[in-house]
Amino acid sequence: MTVADEKQRRMAGHQVHSERQTPQQIAGREPLLRGGLAGGLWVPGDGIVYAPNVARWLIADAGDHLTCLRDSVQTIDEPQVLLASGQRLQARAIVVACGLEANALLAENWLRPKKANWRLPIATGRGCSTSWLSWVTAPAPTAAAPRWRLTFSRGPPASC
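So, in structure tokens, the structure goes:
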């Protein structure tokens, strides 16, 4: 649990509340995890979702109230965003969901690639929007795997 203690200390340094969990508490929260775990940390309010499913749910829930724009955000000046086209949009809440590009958009450097993934900007093809297809993810080559395997992000939902 030394690792959990260190993570809890680091999160507390960034004002992120976490709670140590016993093996029984972990099993109660995540019954599909294997048994025999020493314990863990729980961060209230944190969660992981599968982004494509969430996008489908939001699109389905919006129904006729959905507006699709093919543009990209240049700056955020709460409660507005400035688009590349010059149009300004205003909302009660602004959700930044652009992966590692969030560092540049928010002028912060909180996000880093994990597992030796490199992010390379690419030119987009026919009819593709740079706000949807703008990065190639490529695990860094190693002696064991000297070739690049490229994964492209997909475009916007078909309903746009």
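The sequence shown begins at -17 in my numbering and counts up by one. Ideal Cβ positions, reconstructed from N, Cα and C, are used throughout, including at glycine.
- The criterion of a C-beta distance shorter than 7 Å is satisfied by THR57 and LEU64.
- In this structure, the alpha-carbon of LEU15 lies about 7 Å from that of ALA9.
- Out of GLN7, THR49, VAL25, the CA that lies nearest to the CA of GLY18 is found in GLN7.
- Around the C-beta of GLY27, fewer than 16 other C-beta atoms lie within 10 Å, and the residue is accordingly described as exposed.
- Counting of Cβ neighbours within 10 angstroms places GLY22 among the buried residues, the total reaching 16 or more.
- At a cut-off of 4 residues, the continuous stretches assigned as alpha helix (DSSP H) that sit fully inside the segment 22 to 65 are 33 to 44.
- GLU1 carries a strand assignment under DSSP once its states are collapsed to helix, strand and coil.
- Residue pairing of LEU71 in beta bridges, as defined by DSSP: VAL63.
- For the pair VAL78 and ALA86, the CB atoms are not nearer than the 7 Å cut-off.
- Rounded to whole angstroms, the gap between the alpha carbons of VAL55 and ARG2 is 39 Å.
- Taking C-beta atoms as the reference points, SER0 and VAL25 count as a pair closer than 7 Å.
- Annotation for ALA(-14): ARG2, GLY21, GLY22, LEU23 place their beta carbon closer than 7 Å to its own, counting only its chain and skipping 5 residues before and after.
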